[in-house]
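Reading through the structure tokens given below for one structure.
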Amino acid sequence: MDLSTTIAGIRFPSCFMNASGALCVTKEELIALGRSRAGAIVTKSMTVEARQGNPAPRYYGFPGGSINSMGLPNLGYKAYAELIPELKRLGKPVIASVAGLCEDDFPVIAQAINEAQPDLIEVNLSCPNIPGKPQIGYDAEASERLMKRVRKVITVPMGVKLPPYFDPAHHKLMGDVIGRCGVDFLNLINSVGNGLVVDPETETVVIKPKGGFGGLGGTIIKPVALANVRAFWKHFEGRMPIIGTGGVMNGVDAFEHLLCGASAVQIGTALVEEGVGVFDRLEQELAACLEKRGYRSVSECRGKLREL
Ligand code: RRO
11 MDLSTTIAGI RFPSCFMNAS GALCVTKEEL IALGRSRAGA IVTKSMTVEA
61 RQGNPAPRYY GFPGGSINSM GLPNLGYKAY AELIPELKRL GKPVIASVAG
111 LCEDDFPVIA QAINEAQPDL IEVNLSCPNI PGKPQIGYDA EASERLMKRV
161 RKVITVPMGV KLPPYFDPAH HKLMGDVIGR CGVDFLNLIN SVGNGLVVDP
211 ETETVVIKPK GGFGGLGGTI IKPVALANVR AFWKHFEGRM PIIGTGGVMN
261 GVDAFEHLLC GASAVQIGTA LVEEGVGVFD RLEQELAACL EKRGYRSVSE
311 CRGKLREL
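Note that this note's numbering numbers the sequence shown so that position 281 is 291, with each residue one more than the last.
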């Protein structure tokens, strides 16, 4: 079974990789991803300065999913720029995730990280967890300004990680914006922002930052993720490579993302809960699923969702 895939001309040995944020902050974590069955190494979203992030507890897993408010803990872009050559030697593509605390940070980081030549750069327009900072992806004008600025300094394939949208009008608005900005691939979706999980036993919230509000991941967000993959796949008539992220806990979940139009899938909650061994399991499960259904590769089933 061929589980390899290609995004913006870059070949990935497997269509499974970590979602930015999941076990990818430190050098040790990134090297462990390189040595695992993951098809790529995706870095934590980086800021100008190193950050400790929000106070703990800041991640909570529950049967249907997870909630997090990490607050962008990362080593700062200079540390990742230095690490990238070493990570590239592990034999799979490196995706650098670029963030920022204000608009002007993004081009500074993008330019420096581009010089380190990761295989691709993902621009995170959708962190929901910085107190007082709204998600850029919910402001179409700010998103367009920012994408055009970073595009000017990025020479490798450039993608954007978007928040979920919940109305076709917003898919169209953002699709049109993205079409004007030279974007090479999309990553859909970031966590569903500002959910609230309650523990009725203790009568408390389950994470400390922002009064318990945080980004939702895992099984509960899968239909939202699939809808966004499908909506943007259709908007771009199948010509925009899409990484599907959200609710992939098993091989069948991954298959659903591929049917909707994803070329690869990223793993957040399941990776945090299970560790890098999750990639072995997901490969076996997706291979069995495709085999049973008569598909020989990821590319054969991509976008093949049937409507009634
Ligand atoms: O660090 C985080 O709190 C975080 C980020 Br930057 C993001 O993009 N998505 C998320 O769920 N958490």
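Don't be surprised by glycine CBs; every beta carbon is placed ideally from N, CA and C. Since this is a predicted model, take the numbers as computed values, not measurements.
Q) Thinking C-alpha only, which one of I217, S30 and G256 is nearest N64? A) When each option's Cα is compared against that of N64, the closest is I217.
Q. What are the boundary residues of the alpha helix (DSSP H) that includes L296?
A. Taken as a continuous stretch (DSSP letters only), the alpha helix (DSSP H) holding L296 covers V288 to K302.
(Q) I believe N322 touches K171 by the beta-carbon criterion, under 8 Å. Please report the beta-carbon distance rounded to the nearest angstrom. (A) Since the first and last residues shown for the chain are 11 and 318, residue 322 lies out of range.
Q: Any chance you could list the beta strand (DSSP E) runs of at least 3 consecutive residues sitting entirely within the region 207-267, in chain order?
A: You should have 223-227 and 252-255.
**Q.** Endpoints, alpha helix (DSSP H) assigned at L198
**A.** L198 -> not in any alpha helix (DSSP H); beta strand (DSSP E) instead, spanning F195 to L198.
**Q.** Whole-angstrom distance between R45 and L100, CA atom to CA atom
**A.** In this structure, the alpha-carbon of L100 lies about 7 Å from that of R45.
Q.
Taking its Cβ as the centre, do 16 or more other Cβ atoms sit within 10 Å of T214, making it buried, or is it exposed?
A. Using a 10 angstroms sphere on the CB of T214, the tally of other CB atoms stays under 16, which defines it as exposed.
Q. Taking E132 as the reference, which of G110, H267 and I77 has the closest Cα?
A. Taking only the C-alpha atoms, the option nearest E132 is G110.
Q: Examine ligand 1 and report whether any of its heavy atoms sits within less than 7 Å of the Cβ of A109.
A: Yes, Cβ of A109 sits closer than 7 Å to a heavy atom of ligand 1.
Q. In this structure, what does DSSP give as the bridge partners for S322?
A. Residue 322 falls outside the range modelled here, since the chain spans only 11 to 318, and no answer is possible.
Q | Of the listed residues M259, F242, G221 and E39, nearest to I231 (C-alpha basis) | A | Residue M259 holds the alpha-carbon nearest to the alpha-carbon of I231 among M259, F242, G221 and E39.
Q: Give a yes or no on whether the C-beta atoms belonging to G75 and T279 are separated by under 8 Å.
A: Yes, they are a contact pair.
Q. Ordered along the chain, which non-local residues of its own chain (more than five positions away) have a Cβ less than 8 Å from that of F22?
A. Counting only residues of its own chain and dropping the five nearest sequence neighbours on each side, F22 has a CB closer than 8 Å to the CB of S14, T15, T16, G49, A50, K102, P103 and A274.
Q) Helix, strand or coil: how does DSSP classify F26 here? A) F26: strand per DSSP, three-state reduction.
Q. Got a sec, what are the start and stop residues for the beta strand (DSSP E) A106 sits in?
A. Taken as a continuous stretch (DSSP letters only), the beta strand (DSSP E) holding A106 covers V104 to V108.
**Q.** S55 to A241 span [Cα, whole Å]
**A.** C-alpha separation (whole angstroms): 25 Å.
**Q.** Any non-hydrogen atom of ligand 1 closer than 7 Å to C137 Cβ
**A.** Distances taken from the Cβ of C137 to the heavy atoms of ligand 1 include one shorter than 7 Å.
Q) What are the residues that DSSP puts in a beta bridge with L172? A) L198.
Q | Buried or exposed by the 16-neighbour rule on C-beta atoms within 10 Å, applied to L97 | A | Under a 10 Å Cβ-count criterion, L97 is classified as buried, with 16 or more other Cβ atoms of the shown protein chains found around its own Cβ.
Q: Thinking D129 and I20 are a contact (beta carbons under 8 Å), I'd like their distance in whole angstroms, please.
A: Confirmed, about 5 Å.
Q. Between the beta-carbon of A66 and the beta-carbon of V52, is there less than 8 Å?
A. Contact flag unset, no.
Q. So is D209 buried or exposed if we call it buried at 16+ other beta carbons inside 10 Å?
A. Exposed is the label assigned to D209, since fewer than 16 other Cβ atoms lie within 10 Å of its Cβ.
**Q.** V207 and Y70 closer than 8 Å at C-beta
**A.** The Cβ-Cβ distance between V207 and Y70 falls below 8 Å.
Q.
Taking only three categories from DSSP, how would you classify S309?
A. The answer is helix: DSSP assigns S309 an H, G or I state.
**Q.** Cα-Cα separation, I199 to E317
**A.** When rounded, the distance between both Cα atoms is 22 Å.
Q.
I'd like to confirm something about G31: is its beta-carbon nearer than 7 Å to some heavy atom of ligand 1, or not?
A. At a threshold of 7 Å, G31 counts as near ligand 1, since its beta carbon sits closer than that to one of the ligand's heavy atoms.
Q: Identify every residue that forms a DSSP beta bridge with G205.
A: Among the bridge pairs identified by DSSP, G205 is matched with G224.
Q. How should P141 be labelled, buried or exposed, when 16 other C-beta atoms within 10 angstroms of its C-beta is the threshold for buried?
A. By the neighbour-count rule (16 or more Cβ atoms within 10 Å), P141 is not buried but exposed.
**Q.** Beta carbon of L315 nearer than 8 Å to that of L281
**A.** It is not a contact, given that the beta carbons lie outside the stated cut-off.
(Q) Determine, for M80, whether the minimum Cβ-Cβ distance to residues of chain C falls below 8 Å. (A) Absent from the structure: chain C. Only one protein chain is present.
Q: Check each candidate in G225, V262, E266 and G261 and name the one with the smallest Cα separation from A7.
A: Here the chain comprises residues numbered 11 to 318, so residue 7 is not present and cannot be evaluated.
Q) Is S79 near ligand 1, going by C-beta to nearest heavy atom under 7 Å? A) For ligand 1, at least one heavy atom lies less than 7 Å from the Cβ of S79.
Q: Indicate whether G319 and A60 have their beta-carbon atoms separated by less than 8 Å.
A: Missing from the structure shown is residue 319; the chain here goes from 11 to 318 and no further.
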